[in-house]
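To keep things clear, I will list the structure first and then write my remarks on it.
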Amino acid sequence: MRVVVDLARCQGYAQCAFLAPDAFRMQGEEALAFHSSPDDAQRDQVLRAAAACPVQAILVETAEPS
Amino acid sequence: MRVVVDLARCQGYAQCAFLAPDAFRMQGEEALAFHSSPDDAQRDQVLRAAAACPVQAILVETAEPS
Amino acid sequence: MSSEQSLKAFRRDGRIVIVGASLAGLRAAEALRDEGFTGALTLIGDEACEPYDRPPLSKQVLTGWVPADGTALPRRREIGAEWLLGVAASGLDLAGKRVRLADGREIPYDRLLITTGVRARSWPDEAEAALDGVFVVRTRDDSGRLRERLDAGPGRVLVIGAGFAGSEIASVCRERGIPVTVAEVAEAPLVGALGSMIGSIAADLQRAHGVDLRCGVRVTRLEGDGRVRRAHFSDGDAIDAEVVVVALGGVRNTEWLRDSGLAADRWGVACDSGCRAFDINGLVTDDVFVAGDVARCPHPVYEYRFLSLEHWANAVEQAQVAAHNMVSPPTDRWPHLSMPTFWSMQFGVNIKSVGVPVMADEIAVTQGSVEERRFVAAYGYRGRVIAAVSFDNAKWLDHYRQLIETAAPFPPSCPTPDRPADMKPVPADFPDPVVITHGATVLVTGHEPSERRVAFVRPGPLKPQEKRS
Amino acid sequence: MSSEQSLKAFRRDGRIVIVGASLAGLRAAEALRDEGFTGALTLIGDEACEPYDRPPLSKQVLTGWVPADGTALPRRREIGAEWLLGVAASGLDLAGKRVRLADGREIPYDRLLITTGVRARSWPDEAEAALDGVFVVRTRDDSGRLRERLDAGPGRVLVIGAGFAGSEIASVCRERGIPVTVAEVAEAPLVGALGSMIGSIAADLQRAHGVDLRCGVRVTRLEGDGRVRRAHFSDGDAIDAEVVVVALGGVRNTEWLRDSGLAADRWGVACDSGCRAFDINGLVTDDVFVAGDVARCPHPVYEYRFLSLEHWANAVEQAQVAAHNMVSPPTDRWPHLSMPTFWSMQFGVNIKSVGVPVMADEIAVTQGSVEERRFVAAYGYRGRVIAAVSFDNAKWLDHYRQLIETAAPFPPSCPTPDRPADMKPVPADFPDPVVITHGATVLVTGHEPSERRVAFVRPGPLKPQEKRS
């Protein structure tokens, strides 16, 4: 699966890092690092993290494009 | 009659000042001063001056516009 | 209807309105007819008289040679236009394609050309500005009234501002034997347009002709009893003067466009090089064109910066380009690329420039002799020639125009044997352009790309003499 | 056909070609389909792989967390496009409406979008650049190869250039325990983007994390025997290094447009705020659009100056605006007005900026504490807030964005109780932008307005490190 975060929009609320810690990590005080291609096993966690982002900065694609 | 000179184009050749001295005067070394509404009696002189200008910088209108 | 057919119909039966009936407006109207436009043509002007030439107003008219009402512009051809004179445009409805007039009328158009130019900046204290004997010089009525006062032989004239207009008026006073004081807030005359080095030459020139030149001072107060009598300076000094000429530069006539949605502000109306106006959001419009002093146009030679030029030749040429593009298909648009050219006659010297000196970082005398006041100086910007100015040496400017247009290295070599002793470049040293970037201009509203738009911030009034000379 | 009908037909059956298959190109393609465009859509990209995200290449990929081939961009929707990948565009025929490819094919279009972005500036000495162990980081292949070398635990890495990319790569090295030297020709890291004050804070940050930071020096020579071994500096010093990362900024991919007649040069492709490209004469075109890193777009908040932005969020938003305008009537054009926003993670600190710092004349710390490296600084330009930067304090940037968009006075007051001890503004002090205005660009040909046109001057090559870091 594929993930990208609009870090211009990200405010460092860290909801994603709590909900899907294998795909989203805080670095230092407020910087977010994300995995661009997390394992499909994390699908539900990642989708939950994307839905929970207060500024909707996370875009996820679960299916490969045609 | 009406006269205007494009002084951006004028190079100070002074032909007009020789041919129609009542309508065109040199000021200092190379600056041209012109009369915007010379007397109709000078018509021929002014037209000759306009025709003689090497850079065609003189525009003359002899008839009043409608 | 295809776009080809609709252009054809527009050229035959369309309505073109030109707001601004001076040099650029008239020349555009003539060019539209040259181009074959046979539709309805309307010219709107706030002055009651037909278009006239302005440069003589600060020269030949004041010397008394040419009457103030004798500078009407010759016509290049019949234009068959409807003239709405003596009434100002007061607003523009871009969506409804109508110009609103001050008398309430609304004039519909298919395509619009804006040529409203500039007016004189008036003295900021209204009561002092209203004193009898205080003048600006922009219209033929201004010039005619001032000339009458000069005819009467005043004891002293005070000129406030030593830009080109102020310097020319001071020159006329000296030519007529009238004592004149010139007050300039900058360090020298012409310094805002031509930089420090030329400014100091211009200062010497004025003093050599008997001008009481006072630089680095502001006029703090005009004193009078109905008529102006006395002027006070920021250095504590004061002088008696019967006539005061306020020559503080021009103000672009864009107020009537304030709420129109065009990119129109105190620096003019922005347009692309095809003279199509930008709207306030930076989008190029299709049916609104601009030309002359009021236009701000990007110039490829100057890094596509938007240039506002108050130059006679620029108005003529931009009008021609705008007119062509108004009635031509998109594939046949012309760019307005003329090299800025300016001239001034003062104190017997012909000063002429080509290019954009104010962008320069360096200047070097490249021909002739400064002492003899017969020379050419070139302006450089990051190692390239970008402008030149001549004192009684105008015939060489075309050479420098070519250097500019071919991005020649600065300093250029001297093309003649009259090589000056010292050609070393010095800093161009232009004063801080206070007015040009003064205050807030726009603010952005909306969040999504579909709704984000720009609105103007209404700036506060200018402070006295806070301007470029 | 009326223009309405022809737009409808274009939306249904037209051909749109997008040159540049990275972030901006992909997002534009998706937006075109969102807008209802059902015609033929072609994406041309010089890399063989589908669009991927670049910011992780200098961060998560180098740390080893994310594989280099694992940053493909998620799709927002199906786009039903023809992909021409692994082949570069080599030319553009504006009149014939065709894109030429390097393999000789010609791709016709009705409307074109240019999103060719930037590439890494390579080390100027070709033989040295070819040494094994010398890297740039722009593509996923670059990043993957560098990561392998870092995995091997080199004795020392030399990073040339301390802009954002160079600083981030140095940060990764320290995070991985690898000794790293950073050489920067300017006085401090980030100084070209954020000015002297922030630069000196960034320098402290690097040194506190064990970086051997050398400022004010150039790398004069890379020495090696097939593999790079040693680097020599302009101050006479030299170091051993097994890996050299050249981080000298980006070069806009406009060479393929050189003879196309568009206003495309080393600073990008100029466009109006509706993303319509300017031609070389300054005329806005109707069928060619630009978005992303390669676009230069006038921003009303910044005096309609043309801004080139290499920002992720700018690419996304500009792509959306361009796509909308490509398939919408002239009366429904959107302006691209987004406020520039940039971020960088380095040495554990989240650096984020809003606005255009490089235009500033002053800077003042307005919130927090520089010593604790948790603060906001505002940038001023002639008395107005025009930008802000935060170190670990990003949540306040939206507040500063509003200050910028409403042209608030500078220095702004502190919105929180954590007011810094000293808020006094200091000069912004950006280094001279050497490259930005380097050399000749255009020359003018022709005399009459009908024939006057602009042509590009082919500039000489850049000298080593003559660039903004």
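Protein chains in written order, with numbering that gives the first Met the number 0: chain A, 0 to 65; chain B, 0 to 65; chain C, 0 to 468; chain D, 0 to 468.
All residues carry an ideal CB built from backbone N, CA and C; glycine is no exception.
Neighbour list for residue i in chain C, Cβ cutoff strictly below 9 angstroms
{"i": "B:L18", "result": "Going along chain C, no residue has its Cβ under 9 angstroms from B:L18, so there is no contact; the nearest lies around 18 angstroms."}
Within chain D, the residues that residue i reaches when beta carbons sit closer than 7 angstroms
{"i": "C:S2", "result": "S2"}
{"i": "A:R47", "result": "Neighbours of A:R47 on chain D: none; closest Cβ ~16 angstroms, over 7 angstroms."}
Within chain D, partners of residue i - CB distance below 9 angstroms
{"i": "A:D5", "result": "W311, A312 and V315"}
Within chain C, the residues that residue i reaches when beta carbons sit closer than 8 angstroms
{"i": "D:Y303", "result": "A262, A269, F277, G281 and F305"}
Neighbouring residues, chain A, relative to residue i (Cβ below 7 angstroms)
{"i": "D:Q401", "result": "None at all; the shortest Cβ gap to chain A is about 15 angstroms."}
{"i": "D:A393", "result": "Q10, G11 and E29"}
{"i": "D:P55", "result": "S35"}
Contact check, residue i vs residue j, beta carbons under 8 angstroms
{"i": "D:I159", "j": "D:V65", "result": "no"}
{"i": "C:C274", "j": "C:N324", "result": "yes"}
{"i": "D:A427", "j": "D:A359", "result": "yes"}
{"i": "D:A393", "j": "D:V384", "result": "no"}
{"i": "D:L93", "j": "D:S199", "result": "no"}
{"i": "C:R10", "j": "C:G44", "result": "no"}
{"i": "C:V268", "j": "C:L256", "result": "yes"}
{"i": "C:S170", "j": "C:A201", "result": "no"}
{"i": "C:S57", "j": "C:I168", "result": "yes"}
{"i": "C:T115", "j": "C:L83", "result": "no"}
{"i": "C:C214", "j": "C:E183", "result": "yes"}
{"i": "D:G335", "j": "D:E309", "result": "The amino acid occupying residue 335 of chain D in the given sequence is His; Gly does not appear at that position. For D:H335 and D:E309, no; Cβs fall outside 8 angstroms."}
{"i": "D:H231", "j": "D:R220", "result": "yes"}
Close Cβ partners of residue i (< 7 angstroms) along its chain, the five nearest in sequence each way excluded
{"i": "C:R226", "result": "L130, D131 and G132"}
{"i": "D:R14", "result": "G38, A39, P107, Y108 and D109"}
{"i": "B:V4", "result": "L31, F33, A56 and I57"}
{"i": "D:V364", "result": "F374, A376, P419 and M422"}
{"i": "C:A322", "result": "A27, A30, L31 and E34"}
{"i": "A:A49", "result": "I57 and V59"}
Contacts of residue i in chain B (Cβ-Cβ under 8 angstroms)
{"i": "C:V65", "result": "H34, S35 and S36"}
{"i": "C:K58", "result": "A32"}
Neighbourhood of residue i by C-beta distance below 6 angstroms, restricted to the same chain and skipping five residues each side
{"i": "B:A75", "result": "Residue 75 of chain B lies beyond the range of chain B shown here (0 to 65); nothing can be said about it."}
{"i": "C:H298", "result": "L306"}
{"i": "C:H437", "result": "Any answer about C:H437 is weak, because its pLDDT of 31 lies below 50 and its placement is not dependable; what the coordinates show is given next. Same-chain partners within the cutoff: there are none."}
{"i": "D:A128", "result": "S121 and W122"}
{"i": "C:V320", "result": "C274, W333 and H335"}
{"i": "D:P55", "result": "V65 and T70"}
Anticipated Cβ contact below 8 angstroms, residue i with residue j, distance rounded
{"i": "D:L193", "j": "D:V388", "result": "6 angstroms"}
{"i": "C:V353", "j": "C:L396", "result": "5 angstroms"}
{"i": "D:D278", "j": "C:P329", "result": "About 11 angstroms; that fails the 8 angstroms criterion."}
{"i": "D:N252", "j": "D:V117", "result": "6 angstroms"}
{"i": "D:P408", "j": "D:P424", "result": "Going by Cβ atoms, the distance from D:P408 to D:P424 rounds to 12 angstroms, so no, they are not a contact pair."}
{"i": "D:A276", "j": "D:I17", "result": "Actually they do not touch by this definition, with Cβ atoms about 14 angstroms apart."}
{"i": "D:L282", "j": "C:S337", "result": "Not confirmed; about 15 angstroms, so no contact."}
{"i": "C:L212", "j": "C:V181", "result": "5 angstroms"}
{"i": "C:I403", "j": "C:M196", "result": "About 19 angstroms; that fails the 8 angstroms criterion."}
Residues that residue i contacts on chain D, provided the C-beta gap is smaller than 8 angstroms
{"i": "A:V59", "result": "P73"}
{"i": "C:D285", "result": "P329"}
Same chain, Cβ closer than 8 angstroms to residue i, neighbours up to 5 away in sequence not counted
{"i": "C:Q366", "result": "F374, V375, N392, W395, C413, P414, T415, D417, R418 and P419"}
{"i": "C:E241", "result": "G132, R148, P153, G154, R155, V156, R226, V227 and R228"}
{"i": "C:C48", "result": "D68, A71, L84 and R139"}
Beta-carbon neighbours of residue i, restricted to chain B and to distances below 7 angstroms
{"i": "C:G69", "result": "S35 and S36"}
Chain-ordered chain A contacts of residue i [CB-CB under 8 angstroms]
{"i": "D:V179", "result": "The premise fails here: D:V179 is roughly 18 angstroms from chain A at the closest Cβ pair, so nothing lies under 8 angstroms."}
Is it the case that the region 45-61 of chain B contacts the region 9-24 of chain B, given that we only count it when at least three CB pairs across the two stretches are under 8 angstroms?
yes
Could you say if the region 16-26 of chain B and the region 39-52 of chain A meet the contact criterion of at least three C-beta pairs nearer than 8 angstroms?
no
Spell out a yes or no on whether the region 409-421 of chain D and the region 219-238 of chain D are touching, meaning 3 or more CB-CB pairs, one atom from each, closer than 8 angstroms.
no
Three or more C-beta pairs below 8 angstroms linking the region 133-144 of chain C and the region 60-78 of chain C:
yes
Specify whether the region 50-61 of chain D and the region 142-151 of chain D touch according to this definition: at least 3 beta carbon pairs, one from each stretch, less than 8 angstroms apart.
yes
Is it a yes or a no for the region 72-83 of chain D touching the region 22-35 of chain D, going by three-plus beta-carbon pairs under 8 angstroms?
yes
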